[in-house]
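Just below is one structure, and these are the notes that go with it.
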Amino acid sequence: MTPLTPTCESDACAIIADAAARRMPLAVAGGGTKAGIGRPAQTEATLSSAALTGVTLYEPAELVIAALAGTPLSEVVRALADRGQQLPFEPADYRALLGSSGKPTIGAVAAANVSGPRRIMAGAARDSLIGVRFVNGRGEAVKSGGSVMKNVTGLDLVKLMAGSWGTLGFVTEVTFKVLPRPERSATLALAGLSDSRAVEALCAAVASPFEVTGAAHLPAALDGGEARTLIRIEGFSFSVDHRLGELKRLLAGYGPAEAIDGERAGALWAAVRDATLLAEPHDSAVWRVSTAPAKGPALMAQVARALQARWFYDWSGGLVWLATDPAGDAGAATIRGAVATQGGHATLVRAPAEVRAAVDVFEPQPAPLMRVTRDIKAAFDPAGVLNPGRMYAGV
Amino acid sequence: MSIAFPVPDQAILARREEILRGLAPLVAPEALIVTEDERRVFETDGLTAYRKLPLAVVLPSTTEEVAAVMRFCRENGVKVVPRGAGTSLSGGAIAQEDAIILGVAKMNRVLEVDFANRTARVQSGITNLAISQAVAHEGFFYAPDPSSQLACTIAGNIAMNSGGAHCLKYGVTTNNLLGVTMVLVDGTVVEIGGEHLDAPGYDLLGLVCGSEGQLGVVTEAVVRILRAAEGARPALMGFDAVEDAGACVAAIIGAGIIPVAMEYMDRPAIKICEAFAHAGYPLDVEAMLIIEVEGSDEECEDTLARIVEIAQPFRPKTLRVSQSEAESAAIWKGRKSAFGATGRISDYICMDGTIPTGRLPYVLKRIDEICKAEGLGVANVFHAGDGNLHPLILFDINKPGEMEKAEAAGEEILKLCVEVGGCLTGEHGVGIEKRDLMRCQFTEADLKQQMRVRGVFDPGWLMNPAKVFPLEGRVAA
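The listed protein sequences derive, respectively, from chains F and E.
Throughout the first sequence, residue numbering follows the numbering used here, covering 1 to 395 in sequence.
Throughout the second sequence, residue numbering follows the numbering used here, covering 1 to 477 in sequence.
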């Protein structure tokens with residue numbers, strides 16, 4: 001079916017108001033590259049932001065950029081790069097992981113709160129998102145936040161919209177805080193460490209004064225090669241040199257450290273960011289587990305005792321990407337059991353639709369928070385027409 | 001006294017004795033404050049022009065006690081005004097006659113520090129500074145640093161999403177908060193977030209932060225602690241024209257440098273602060289910037305050298321890079337004491353709008369005109385990197401009508417901030433102070449959506465109900 005593609009906010013209001021009146025559930029989409037994430041939803045039409053494009057405001061000196069939701073992420077990234085700036089949270093591109101095509105959009109980056117390795121230092125997409133315009137399930141245009149980076153006026157609905165996967169509103173415009181692109185990026189690589197030693201090294205690096213902006217560990221079992229532990233620093237060249245030296249000294253006990261610069265390091269961090277390290281075999285299920293950094297290895301040891309799995313760590317050990325056999329529950333009971341012991345939560349990012357229909361894709365919540373979740377959904381979308389059931393059944 | 005309070009519920013006032021009897025068994029005897037003298041202490045906060053005597057004050061010691069008090073209040077239809085240290089400049093913690101004050105100040109312990117995970121779990125009544133002090137021995141600190149950090153609690157910081165002078169680099173409270181234990185209006189205790197970095201479902205933590213005590217009472221928090229930089233050094237620059245100072249800030253950012261702080265003071269503010277702190281501020285300039293950078297000595301020197309070079313085209317009249325710890329401390333003492341130093345010479349109200357930094361020269365000119373039109377003086381201090389203004393409108397409370405004039409000027413200034421694309425409040429919160437201006441910034445649909453979300457947590461408007469949303473046109477769900 002042809003998607004509904006409003007060309008302006010008031011168009012979107014009319015479409016959603018009509019859908020609400022007829023109780024017609026809509027699939028909310030940007031470029032559709034992440035359509036495979038979430039529970040399969042029963043919808044009758046797709047509402048797409050494809051026709052809402054263009055950067056609407058860019059003030060480099062104020063570190064602010066705004067764009068209509070359907071603007072390709074690449075276009076925003078290019079506009080910023082032209083002025084030596086970037087989105088601080090390093091948005092990921094999941095096309096290779098999910099086997100999808102099309103262009104990721106800036107609106108979906110916000111709606112899915114997609115953040116990469118720099119999240120440990122610069123915050124997530126939700127931390128840089130300072131303003132949003134959206135149409136709620138009643139067909140009303142709503143704004144929250146604005147275009148200034150310090151703003152505590154009223155309830156922070158911006159945060160609610162970030163990571164709500166189109167279930168609370170159809171995002172029409174987003175405003176992000178941006179930062180200068182670093183003059184130089186350098187990566188230290190340690191070799192051959194076990195998961196627990198590696199995460200210890202990463203935590204020590206992140207807890208140093210040397211401003212680490214990437215901390216990942218790729219275990220040997222990931223690709224049969226040698227384990228690599230990666231630590232990234234960025235900034236002015238002079239300062240990067242100083243901090244590289246200091247970090248080498250700090251981590252001397254973890255074996256020799258190799259400094260990697262340039263394209264080779266860039267490719268490694270892109271592979272961590274986009275989780276392409278687990279893209280193949282393409283029929284495996286892929287989980288994303290968020291936990292306290294130092295607890296990552298114990299959590300994975302618990303999982304590995306019960307499951308065949310391959311994994312790697314980002315966020316200093318606090319983010320584990322993990323590939324499992326998609327059969328049965330794709331490892332859900334084991335993984336969620338480990339999460340219950342160690343703290344955190346697990347999301348089933350990639351799995352066949354029938355698995356995603358049977359297994360909770362997003363971590364189930366305790367009853368009082370589930371009640372709040374359902375009521376929040378109703379507060380935005382009382383008729384339940386926006387991506388119903390994508391995150392939780394009945395939400 | 002132009003800000004209205006809701007008419008107190010006479011039925012609640014009539015049942016006061018019965019309510020006190022119901023509250024008494026829920027907390028320790030000394031934790032229930034009922035005498036008028038003792039309640040007076042809690043009648044206002046940092047917005048001292050407004051005072052309301054609370055029905056009673058309850059100061060629980062545990063989450064369970066908070067839950068019991070909340071359950072009782074819900075069942076008896078008693079309104080609750082949560083309170084940290086009562087330093088709110090927007091009246092966020094001001095009492096109501098028909099509401100109890102629920103203060104968390106007795107719950108002030110550090111529960112757990114985890115340096116490997118860079119987190120601290122604290123009770124919410126702990127002061128902002130005490131968190132940094134508890135982790136300083138390992139070289140760590142808690143980043144958001146509001147000027148009131150010696151007194152203000154993390155509970156209040158969470159309620160207001162407080163900022164500080166260093167948020168250009170480190171963000172505000174919401175960017176440094178990982179989890180909370182919160183008591184909902186019906187007494188249910190929930191854990192939101194934890195030691196991990198992102199939310200499993202909707203970002204309820206982000207919603208709670210900045211919700212001004214309307215969604216529940218936070219009793220514990222997990223905050224991100226950071227390792228301090230190797231060192232920090234400020235530089236001080238004075239300019240003959242406001243425009244030059246503003247353009248200099250833009251040029252520094254344009255060159256890819258994000259100083260950890262960029263503070264702006266105008267001539268009246270410089271004069272007031274210098275008289276108090278003897279920081280060596282230049283008295284012959286129209287605008288002054290304090291720019292601080294972080295790193296090793298060599299890194300600081302390198303970055304400051306770049307900044308000094310960038311500043312040259314803007315003809316700084318004074319340019320001084322701090323040469324010692326003592327000099328750095330003096331430079332900051334002047335800025336951090338701006339509110340206190342102003343209070344020594346005059347009554348004032350402190351505004352807190354944020355503007356796009358490019359509009360700075362225009363906005364400062366208009367602020368001056370607005371205050372002059374009311375016959376009042378104004379001193380400006382603000383965070384230049386993020387556009388968060390703090391005009392201090394000076395008046396004499398003993399002159400009849402002056403405070404009303406100051407409030408009128410403040411209102412004009414906040415409207416101006418919104419008009420140029422900014423917002424009513426950058427870090428102090430709406431409270432009662434900006435409540436009636438919310439419609440300048442938000443449409444009816446914007447506000448209704450916020451109120452519907454509020455209604456998810458507190459459909460009966462029992463939690464801090466005099467604040468944030470205009471009294472007219474409220475919806476529950």
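Quick reminder that beta carbons are idealized off the backbone N, C-alpha and C, glycines included.
Please state the DSSP three-state secondary structure of residue i.
{"i": "residue 214 of chain E", "result": "coil"}
{"i": "residue 351 of chain E", "result": "coil"}
{"i": "residue 461 of chain E", "result": "coil"}
{"i": "residue 433 of chain E", "result": "coil"}
{"i": "residue 242 of chain F", "result": "helix"}
{"i": "residue 278 of chain E", "result": "coil"}
{"i": "residue 115 of chain E", "result": "coil"}
{"i": "residue 257 of chain E", "result": "coil"}
{"i": "residue 345 of chain E", "result": "helix"}
{"i": "residue 113 of chain F", "result": "coil"}
{"i": "residue 53 of chain E", "result": "coil"}
{"i": "residue 328 of chain F", "result": "coil"}
{"i": "residue 239 of chain E", "result": "strand"}
{"i": "residue 323 of chain E", "result": "coil"}
{"i": "residue 93 of chain F", "result": "coil"}
{"i": "residue 85 of chain F", "result": "strand"}
{"i": "residue 314 of chain F", "result": "strand"}
{"i": "residue 72 of chain F", "result": "strand"}
{"i": "residue 170 of chain F", "result": "strand"}
Which residues does DSSP pair with residue i in a beta bridge?
{"i": "residue 258 of chain F", "result": "F:189"}
{"i": "residue 83 of chain E", "result": "E:103"}
{"i": "residue 312 of chain E", "result": "DSSP lists no partner for residue 312 of chain E."}
{"i": "residue 165 of chain F", "result": "Answer is none; residue 165 of chain F lacks a bridge partner."}
{"i": "residue 191 of chain E", "result": "E:181"}
{"i": "residue 226 of chain E", "result": "E:141"}
{"i": "residue 283 of chain F", "result": "BP columns for residue 283 of chain F are empty, so no partner."}
{"i": "residue 296 of chain E", "result": "Answer by DSSP bridge pairing: none, since residue 296 of chain E is not bridged."}
{"i": "residue 386 of chain E", "result": "Paired residues: none, contrary to the question."}
Buried or exposed, going by whether 16 or more other CB atoms sit within 10 Å of the CB of residue i?
{"i": "residue 400 of chain F", "result": "The structure shown has nothing for residue 400 of chain F, since chain F only spans 1 to 395."}
{"i": "residue 394 of chain F", "result": "exposed"}
{"i": "residue 399 of chain E", "result": "exposed"}
{"i": "residue 404 of chain E", "result": "exposed"}
{"i": "residue 342 of chain F", "result": "buried"}
{"i": "residue 30 of chain E", "result": "exposed"}
{"i": "residue 127 of chain E", "result": "buried"}
{"i": "residue 101 of chain F", "result": "exposed"}
{"i": "residue 256 of chain F", "result": "exposed"}
{"i": "residue 377 of chain F", "result": "buried"}
{"i": "residue 323 of chain E", "result": "exposed"}
Below 8 Å on the Cβ atoms is my contact criterion, and I expect residue i with residue j to pass it. Report the Cβ-Cβ distance as a whole number of Å.
{"i": "residue 330 of chain F", "j": "residue 299 of chain F", "result": "17 Å between Cβ atoms; not a contact."}
{"i": "residue 317 of chain E", "j": "residue 238 of chain E", "result": "5 Å"}
{"i": "residue 117 of chain F", "j": "residue 384 of chain F", "result": "The pair is not a contact, with the Cβ atoms about 36 Å apart (cut-off 8 Å)."}
{"i": "residue 154 of chain E", "j": "residue 122 of chain E", "result": "6 Å"}
{"i": "residue 190 of chain E", "j": "residue 119 of chain E", "result": "Going by Cβ atoms, the distance from residue 190 of chain E to residue 119 of chain E rounds to 19 Å, so no, they are not a contact pair."}
{"i": "residue 217 of chain E", "j": "residue 110 of chain E", "result": "Not confirmed; about 19 Å, so no contact."}
{"i": "residue 316 of chain F", "j": "residue 293 of chain F", "result": "4 Å"}
{"i": "residue 356 of chain E", "j": "residue 422 of chain E", "result": "6 Å"}
{"i": "residue 58 of chain E", "j": "residue 13 of chain E", "result": "Not a contact, Cβ separation roughly 17 Å."}
{"i": "residue 205 of chain E", "j": "residue 184 of chain E", "result": "Not a contact, Cβ separation roughly 14 Å."}
{"i": "residue 396 of chain F", "j": "residue 191 of chain F", "result": "In the structure displayed, chain F extends from 1 to 395; residue 396 of chain F sits before or after that span and is not available."}
7 Å is my cut-off, CB to CB: does residue i come that close to chain B?
{"i": "residue 6 of chain F", "result": "This model lacks chain B altogether, as its protein chains are F and E."}
Using a Cβ-Cβ cut-off of less than 7 Å, list which residues of the segment 269-293 of chain F approach chain E; keep chain order. 290, 291, 292, 293
Interfacial residues, the segment 125-150 of chain E to chain F, with Cβ spacing under 9 Å: 138, 139, 140
Residues of the segment 221-242 of chain E with a CB closer than 8 Å to any CB of chain F: list them in chain order, please. 227, 228, 229, 230
Can you give me, in chain order, the residues of the segment 290-323 of chain F that have a beta carbon less than 7 Å from any beta carbon in chain E? 290, 291, 292, 293, 294, 315, 318
Near-chain E residues of the segment 211-231 of chain F (beta-carbon distance less than 9 Å), N- to C-terminal order: 211
Of all the residues that make up the segment 245-279 of chain E, which are near chain F by a beta-carbon distance shorter than 7 Å? 250, 253, 254, 256, 258
Chain-ordered residues of the segment 42-65 of chain F with a beta carbon less than 7 Å from chain E: 59, 60, 61, 62, 63
Closer than 8 Å between beta carbons: that is the criterion. Which residues of the segment 361-389 of chain E meet it against chain F? 383, 386, 387, 388
For the segment 122-145 of chain F, list every residue whose C-beta sits within 8 Å of some C-beta in chain E, in sequence order. 123, 124, 126, 127, 136, 140, 141, 142, 143, 144
To be precise: take each residue of the segment 237-271 of chain F, compare its Cβ to all Cβ atoms of chain E, and keep it if any distance is under 7 Å. Which residues remain? 238, 239, 242
Contact residues within the segment 355-375 of chain F, judged by C-beta distance below 8 Å to chain E: 362, 363, 365, 366, 368, 369, 372, 373, 375
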